[in-house]
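Let me begin by presenting the structure, written as structure tokens, before commenting on it.
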Amino acid sequence: DWTQAADSPLSESKKAEWRTYRQALRDFPATCENETNIDEVVFPTPPAS
């Protein structure tokens, strides 16, 4: 993932934001197991540019 590469132009704090976001995406399926309506599913918000 380009956001975590050593030569990434992102600051360490931005890299941390992206790590948190990516973890939220990995955890996402478990957070919406009981949702029956796709319109009620709320996806994690990516970090701002």
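Count along the sequence shown from 1, then add 6; that gives the number in my numbering.
Virtual Cβ for every residue (Gly too), placed ideally from N, Cα, C.
Being a predicted model, the structure only gives us computed values, none of them experimental.
In the DSSP assignment, W8 falls outside any alpha helix (DSSP H) and carries neither an H nor an E. A direct Cα-Cα distance of roughly 17 Å separates D13 from S55. From the listed residues D45, R25, F49 and W24, the smallest Cα separation to A36 is found for F49. Selection E23, Q29, E46 and F34 evaluated against P53 yields E23 as nearest (Cα-Cα).
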